[in-house]
Structure formats: structure tokens, C-alpha cells
Amino acid sequence: MINNNIFLIGMMGSGKSTIAPQLSQVLELPCIDTDQDILSVLDIKISDISELKFRQLESVYFLERTKNDYYVYATGGGIILSEKNRECIQNQGIGIFLDTSITVLHERLINTNLDTRPLLNKINLKEQLNIILKDRKEYYESCAKIKICTNNLLKEEVVEKIITELQNL
């Protein structure tokens, strides 16, 4: 068992919500998907509010939530846009950047329901992903103590790589 928060960070479609439950089992820590938890607690749909309002709510929620016991967090892709959130990730746990290529993100997202991803639409998906990643990549890297390239890896392999890297810290 690990005595620290684990923050999975990365682009939408990088596998944070898929990896977090498996990683939490191995580490014997509870798991929280921040996007789902926020929407559930507030009983809202992401499409009902603006991105700015969601980011504000996300930050308040995240900073309050991380004061509790240790968890594996599957964070929203934009969590790192707030300086306070970045400081929290850097100082209150271990940030793990699930680095995924635009090609793989596109393959994963093109056939999904993008209604829950208001920043994206299928018309120019690859271009949109490129723009978003360009804006965020330096933040992901600055918050990460561990970086895992998830391209062509099974979820079990990603978890295994994370465990190995955690043991090497």
C-alpha cells in the first residue's frame, strides 16, 4: 500500500478513468473519478454549464477533496489548467502523466459519445486534440513525477508500468 495521493493526469481519452480503478485495487487505495464525482455531487450534466463554470467548480471540489485520505484520482483532462490545482498535484501526491499520441486519442474518441466532452466534436477531432494538447502538455509534464506512454499498451501493462515507476521513486 502507498501512503500518498495518486493523480492520473492527461488528455481526454488517455485512459485515466479506465486505469484508475485497476491501479486503486493494486495499491489498495480508494478511487475517485473527479469529473463523474463532481457531476454526481452537484447533480448536473456537463452540457448544462459553461466550461468556465465547470473549471471553477472542479477546482473548488478538487482542492477540498484532496484534503481527505489518500486516493487514486482519475482527474479531468483540464484539471491542470488551474495553477492551484497544479500546485496541489505537485505537493499533495504523485502526478502520473498518461501520455498518449494524438493518433491514439483520435482512434479512442472518434466512435464515442462526445456529448460528455463539450470541447470536442467529430468534424475536426484530430485538429481539436492537437490544439488542446499544445495548450496543456507543459502543464501535464510539470505536474508529473511519472510519465507513461500509453500508446499500444493494454490497460494491465499501463498499471504494471505505473507500479514499477512508483517502486523506483
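1307 is the number of the first residue of the sequence shown in this note's numbering; add one for each residue after it. The C-beta atom is built at its ideal place from N, Cα and C for all residues, glycine as well.
With three or more beta-carbon pairs closer than 8 Å as the criterion, would you say the region 1318-1330 touches the region 1387-1395? Taking 8 Å as the limit for Cβ pairs, the verdict is that the region 1387-1395 does not touch the region 1318-1330.
Pick out the complete beta strand (DSSP E) segments inside the region 1333-1394, 3 residues or longer, and give them in chain order. Within the region 1333-1394, the runs of beta strand (DSSP E) at least 3 residues long that lie entirely inside it are, in chain order, 1337-1339, 1378-1380.
Beta strand (DSSP E) containing I1454: first to last residue? Taking the first residue of the sequence shown as 1, we reach residue 1454 at position 148. Counting along the chain, I1454 sits inside the beta strand (DSSP E) bounded by residues 1452-1455.
Classify L1459 as helix, strand or coil using the three-state DSSP reduction. Within the sequence shown, residue 1459 is the residue found at index 153, counting from 1. Of the three classes helix, strand and coil, the one that applies to L1459 here is coil, per DSSP.
Taking the continuous alpha helix (DSSP H) assigned at L1439, which residues delimit it? The sequence position of residue 1439 within the sequence shown is 133, counting from 1. DSSP places L1439 inside the alpha helix (DSSP H), whose first and last residues are 1431-1449.
Does the Cβ of V1464 have 16 or more other Cβ atoms within 10 Å, making it buried, or fewer, making it exposed? If you number the sequence shown from 1, residue 1464 lands on position 158. Flag for V1464 reads buried.
Let me check one thing: in DSSP terms, what residues is L1404 bridge-paired to? Here residue 1404 refers to the residue found at position 98 of the sequence shown. Answer is I1454, bridged to L1404.
Rounding to the nearest angstrom, what Cα-Cα distance links G1383 and R1414 in this structure? Within the sequence shown, the letter at position 77 stands for residue 1383. Within the sequence shown, the letter at position 108 stands for residue 1414. Taken atom to atom, the span from the alpha-carbon of G1383 to that of R1414 is near 15 Å.
Near T1381, which residues of its chain fall below 7 Å by C-beta distance, leaving aside the five closest residues on each side in sequence? Counted from its first residue, the sequence shown places residue 1381 at position 75. By the criterion of a C-beta distance shorter than 7 Å, T1381 is surrounded in its chain by F1313, L1314, I1315, K1322, T1340, once the five residues flanking it on both sides are discounted.
Express the C-alpha separation of I1452 and I1468 in angstroms, rounding to a whole number. As a working note, residue 1468 is residue 162 in the sequence shown. As a working note, residue 1452 is residue 146 in the sequence shown. Approximately 8 Å, taken between the alpha carbons.
Return the first residue and the last residue of the beta strand (DSSP E) that I1254 is part of. The chain is shown from 1307 up to 1475; residue 1254 falls before or after that span and cannot be answered.
Count the other CB atoms within 10 Å of the CB of N1311; is the residue buried (16 or more) or exposed (fewer)? Taking the first residue of the sequence shown as position 1, residue 1311 is located at position 5. Of the other Cβ atoms in all chains shown, 16 or more fall within 10 Å of the Cβ of N1311; this residue is therefore buried.
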